[in-house]
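Q: Numbering (our numbering), first residue to last: 1 to 183.
Cβ atoms here follow ideal geometry from the backbone N, Cα and C, with glycine treated the same way.
As the structure is a prediction and not an experimental result, all values here were calculated from the model.
1) At the level of alpha carbons, what is the spacing between residue 177 and residue 64?
2) If you measure between the beta carbons of residue 61 and residue 47, is that distance less than 8 Å?
3) For the putative contact between residue 68 and residue 166, defined by C-beta atoms under 8 Å, what is the C-beta separation to the nearest angstrom?
4) Going by the DSSP bridge assignment, what does residue 117 pair with across the sheet?
5) Mapping the DSSP letters down to three states, classify residue 111 as helix, strand or coil.
6) The alpha helix (DSSP H) spanning residue 67 covers which residue range?
7) Using only the alpha-carbon positions, how far apart do residue 42 and residue 103 sit?
8) Taking C-beta to C-beta, are residue 112 and residue 121 nearer than 8 Å?
9) Short of 7 Å in beta carbon distance, which residues of its chain neighbour residue 172, apart from the five on each side in sequence? Order them along the chain.
10) Since residue 155 and residue 148 are thought to touch, with beta carbons under 8 Å apart, how far apart are those beta carbons, to the nearest angstrom?
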């Protein structure tokens, strides 16, 4: 299944070249390609698990974020994934029908849809995170003693500047909530 990002506006192109291009170097095509290959392999592990049950990458992303943020609103998930409500609706319906995600009405506003992982969804999310964490751990180990900090700074810098603070908060909030949940 292709990634659907129709709600994302194209990134603005800087008016002047970046430092590497100013120095006469070619564009960073090697890094562009490395990112494509790294992403291919990073999501490839979960793809192999999802394929036999007829799910794809959109299902993986929904399971990941619902598991990380139990009780999240559908509107918040749409904001995170930057996909259309129609695209999410199909994927979410399949995940609910297959028993990976539960959708409940909000307590204060019954029109709100709150999403929770089922035990089956939690187990699948743990399996994905385990595979991907091992891949990341190997790559960080190969990156040297300061690799973790450098890679974190790099990945954060790859996120649009106006979104970085919100992404960091989202991750920190999920980390705190995970530590507070009983094991």
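A: The short version:
1) 15 Å
2) no
3) Residue 68 to residue 166, Cβ: 15 Å. No contact.
4) 101
5) coil
6) 57-68
7) 28 Å
8) no
9) none
10) No, residue 155 and residue 148 are not in contact; Cβ-Cβ is about 11 Å, not under 8 Å.
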